[in-house]
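Worksheet: one structure, shown below.
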Amino acid sequence: MEELNLSDRLRLIAGLIKKGSKVADIGTDHGYLPIFLVKSGITDRVIAMDVRKGPLKKAEDNTRAFCVSDQIELRLSDGLAALEKGEADTVTISGMGGRLIQSILTNGMEKLDKSTRLIVSPQSELREFRIFLKEKGFLVLEEHMMTEDGQFYVIMECVYMGADYAPQTIEEAKLRYGESLLREKNESLKAYLYKEKRIAEGIYTQLSARNGQEAAVQERLEQLRKDLDCIDFALEYYNFA
């Protein structure tokens, strides 16, 4: 690959993106991250967006210089505004303050699908940003911290669980299955989760087929739905590469 002046922070972000992902890079600046993703074979297509014409023009020049202009689509966009729903399964946002990223996500929430991946590096207001993520339906799977040129950076790996995401459910999942086992993607736990999921789904199907609406049956169905929610949240740790 041609020499690309990519910061260690952006290299770390690139390393967190699953191979074959459809990526939208918000605030792409000069387009270095999208170029690296394409040139290194992580993905064959990136939508690179920026609200400023100047950096976007520079990104256009860079994509031509690295011969990837046919794989990187450049869009002038205020945050996620120019992104269509379903175009990206992974969204990257870095180099901005936490409040600005909150604004971008809030204004573009309808552009995200359930299970959309978010790789984000807020440069300020970290406490408030973590609260925002939890309240808006994002599950933070992992955080990374690094230093570069005397600056400290936090990079968060998140998945969008949907507007009906209940933060207490993932806390229950951690208690049931063990947070450290989930974070290390323990293979025995994974097999156990799929076994429990099959059992719960089977019981749910049987109970749902019963005639009548007995209170005890409805109560059991509600508990099974909660059990399945916990299992699904836990399995997201394995789905996130």
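Read left to right, the sequence shown gives residues 1 to 241 (the UniProt record's numbering).
Think of the CB as a built atom: it goes at the ideal place given N, C-alpha and C, for glycine as much as any other residue.
Item	Value
Cβ-based burial, T205 [other Cβ within 10 Å; buried from 16]	exposed
The stretch 82-91 contacting the stretch 55-62, beta-carbon criterion three pairs below 8 Å	no
Host beta strand (DSSP E) of V120 (start-end)	117-122
Alpha-carbon to alpha-carbon, K53 and residue 242	Residue numbering for the chain in the displayed model covers 1 to 241; residue 242 lies beyond these limits and cannot be assessed.
6 Å Cβ shell around P167 - same chain, five flanking residues per side excluded	K134
Reference I131; option with closest CA among T116, L4, G98, L80	G98
Counterpart residues of S94 in DSSP-defined beta bridges	S121
Three-state secondary structure assigned by DSSP to A82	coil
R220 beta carbon less than 8 Å from that of L207	yes
Among T106, L10, Y32, F138, the one whose alpha carbon lies nearest that of M145	L10
Exposure of K19, with buried meaning 16 or more beta-carbon neighbours within 10 Å	exposed
From A215, V120, E184, A173, residue whose alpha carbon lies closest to that of E157	V120
Proximity to G31 [Cα-Cα], best of E196, Y237, V46	V46
Within 8 Å, strictly: CB atoms of S77 and V51	yes
DSSP state of V38 mapped onto helix, strand, coil	helix
Proximity to Y160 [Cα-Cα], best of L224, I26, P122, F138	F138
Proximity to I231 [Cα-Cα], best of A216, S21, E172, T28	E172
Candidates M109, L181, L105, L33, of which the one nearest I72 by Cα	L33
Sheet register partners of V46 (DSSP bridge)	V23, I72
Backbone CA spacing between F66 and S188 [nearest angstrom]	44 Å
Exposure of S21, with buried meaning 16 or more beta-carbon neighbours within 10 Å	buried
Enclosing beta strand (DSSP E) for C158 [first to last residue]	151-160
Range of the contiguous alpha helix (DSSP H) that encloses V51	Careful: V51 lies outside any alpha helix (DSSP H) and carries neither H nor E.
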